[in-house]
Each structure stands twice: as C-alpha cells, then as structure tokens.
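Position in the sequence shown counted from 1, then plus 20, gives you the numbering used here.
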Amino acid sequence: MQRRISAILTAAGESTRMGRSKPLLEWDGVPLVRFQIDSLLDAGAHEVVVVLGHESERVECHVSADYVRSVMNADYRHGKTTSVLRGILSADPDATDLVLLAVDQPRPSWVVKRVIESHIEKGALITSPRHEGRGGHPLVFSATLRGELESITDEGQGVREVFDVHRGEVNEVMFDDPIVRLDLNTPEEYNAARARYGV
Numbered sequence: 021m022q023r024r025i026s027a028i029l030t031a032a033g034e035s036t037r038m039g040r041s042k043p044l045l046e047w048d049g050v051p052l053v054r055f056q057i058d059s060l061l062d063a064g065a066h067e068v069v070v071v072l073g074h075e076s077e078r079v080e081c082h083v084s085a086d087y088v089r090s091v092m093n094a095d096y097r098h099g100k101t102t103s104v105l106r107g108i109l110s111a112d113p114d115a116t117d118l119v120l121l122a123v124d125q126p127r128p129s130w131v132v133k134r135v136i137e138s139h140i141e142k143g144a145l146i147t148s149p150r151h152e153g154r155g156g157h158p159l160v161f162s163a164t165l166r167g168e169l170e171s172i173t174d175e176g177q178g179v180r181e182v183f184d185v186h187r188g189e190v191n192e193v194m195f196d197d198p199i200v201r202l203d204l205n206t207p208e209e210y211n212a213a214r215a216r217y218g219v
C-alpha cells in the first residue's frame, strides 16, 4: 500500500517564556519553522500542515512551499491541544499516517525518517522515539486512530488521551541521542541547544 504521510507542525503559541517568537528563532541558518518543514519533507512526509496563531503574519512568509499548507488556529490561546486538533482536522483525508511535531522541538530529518520508517516497517498503531527510557517526539499515529485524535481535549490531556489508551501497542524507537527529547522553552535552553548541536 502506498503510504501518505501527513505531518502536522504546531507553531501557534505565544512563546511567553522564550520572550520572542519561537518559529522565527534561527536554527541551522534558517528560521526554526523553515528548518522543521524541510526536515519533515526530507523525512518522507507528503504534506506538512503548519498551524499558525500568534504573530501568524510574520511566521507565514516562511511557510510557503510545495506540499506545505498553513492553517490558522484562532483559539491558540486556549492551549496546545487546540492547535493539534486544528492540524489533524486540516490534514489530508486520505493520509495513512499522521506525524505530530511542535515547532520548538527541532528534529533533523534523519531522526524523523527513522521514526517514520520504523512505524511503517512494524505496521504500528503509534510510534514514539525514546531516549534513556523516556519518550520523545515526533509521534506517529496510524490514521486508523484519526477519529480518536479528533476527539481530544485539553481537559483530557490532549494527545496523551489516545496514547495512554493504546500504550501497550506503542512501537518504541530507541535513540542514543537526547535530541529526541529536546524542547526549546527558554533563552537558556535555546542557547545551550545551539551550542551543543553546532547550529
């Protein structure tokens, strides 16, 4: 079966702790949102749905590309789950699998590709990268779970609702590199990550 991988990149938050727009932070010589889009496409996604919110006009100019669509989440102030849900509802209805990643979780294409390839090879329902026993991102979901994903709420812990229901069926991909757990929330974390990874 021909796989159609739809990647959802959430980039709608207010970046309060960072103090400036995370999607526009420089990463490997380009805005972070651009790096993430290129990484997802290079890893095999057939489309990237970028969910915008805060400072959407500034971010959107870095989003235009083949196989990339931007959608607006007017409810972005109401939590991350609203952005994930907006992306899922906007993804290709014929997608066989959904990749979920946030803009502040920079992942080189080799990481994303390895997770996607394992997901396909194992015929997995859910695939999660792990480092030293702890889960990371991106997460990959079979589109057979789309109905459950479309029912997530902030009150019910968002995507974790679906993850926890199917925890026993999760395909875990082990990584030696802690980058699968990297989140950029503060200037200190951002500067430390750039120094560590030479970007």
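For each residue, glycine too, the CB sits at the ideal point set by N, CA and C.
At a cut of 8 Å, does the segment 51–65 reach the segment 77–91 through at least three beta carbon pairs?
yes
Separation of A31 from G221, as counted between CA atoms:
A query on residue 221 cannot be resolved here, the shown segment of the chain reaching from 21 to 219 and no further.
Looking at C-alpha atoms only, which residue of V193, F161, V71 and Q22 is the closest neighbour of D124?
Position 104 of the sequence shown holds residue 124. Nearest C-alpha to D124: V71.
Short check: CB of V193 to CB of S138, under 8 Å?
One-based indexing of the sequence shown puts residue 193 at position 173. One-based indexing of the sequence shown puts residue 138 at position 118. The answer is yes: Cβ separation under 8 Å.
If V53 and V79 are in contact, beta carbons under 8 Å, what's the gap, nearest whole angstrom?
Indexing the sequence shown from 1 puts residue 53 at position 33. Indexing the sequence shown from 1 puts residue 79 at position 59. V53 to V79, Cβ: 6 Å. Contact.
Can you list, in chain order, the stretches of the alpha helix (DSSP H) that have 4 or more residues and sit fully within the segment 132–219?
166–169, 179–185 and 207–217
Kindly confirm or deny that the segment 157–175 and the segment 138–149 touch, where touching means at least three C-beta pairs closer than 8 Å.
yes
Is P207 closer than 8 Å to G39 when the C-beta atoms are compared?
Taking the first residue of the sequence shown as position 1, residue 39 is located at position 19. Taking the first residue of the sequence shown as position 1, residue 207 is located at position 187. Yes, the Cβ-Cβ distance between G39 and P207 is below 8 Å.
Alpha carbon to alpha carbon, how far is E170 from L109? Give it in angstroms, no decimals.
Start at 1 with the first residue of the sequence shown, and residue 109 comes out as number 89. Start at 1 with the first residue of the sequence shown, and residue 170 comes out as number 150. If I take the Cα positions, the gap works out to 7 Å.
Within 10 angstroms of its Cβ, does A27 collect 16 or more other Cβ (buried), or is it exposed?
For the purposes of this step, residue 27 is identified with residue 7 of the sequence shown, where counting begins at 1. It is buried - the Cβ of A27 has at least 16 other Cβ atoms within 10 Å.
Under the rule that 16 or more other beta-carbon atoms within 10 Å means buried, what is Q56, buried or exposed?
As a position in the sequence shown, residue 56 is number 36, starting the count at 1. The residue is buried, with at least 16 neighbouring Cβ atoms inside 10 Å.
Where does R166 land, buried or exposed, given buried means 16+ other C-beta within 10 angstroms?
Taking the first residue of the sequence shown as position 1, residue 166 is located at position 146. Label assigned to R166: buried.
Quick check: the Cα distance between G155 and D112, rounded to an integer number of angstroms?
Along the sequence shown, read from residue 1 onward, the residue named residue 155 stands at position 135. Along the sequence shown, read from residue 1 onward, the residue named residue 112 stands at position 92. G155 and D112: Cα-Cα distance of roughly 27 Å.
Reference S35; option with closest CA among T116, D95, H74 and R216
The sequence position of residue 35 within the sequence shown is 15, counting from 1. Here the closest residue by C-alpha is H74.
Name the DSSP bridge partner or partners of E46?
Locating residue 46 in the sequence shown gives position 26, where the first residue counts as 1. Answer is P51, bridged to E46.
Below 7 Å CB to CB, which residues in the same chain sit around V135 once its five sequence neighbours on both sides are set aside?
Counted from its first residue, the sequence shown places residue 135 at position 115. Only T147, P149, P158, V160 and V193 meet the Cβ criterion.
Three-state class that DSSP yields for R24 in the structure shown:
Numbered from its first residue, the sequence shown carries residue 24 at position 4. Reduced to three states, the DSSP call for R24 is coil.
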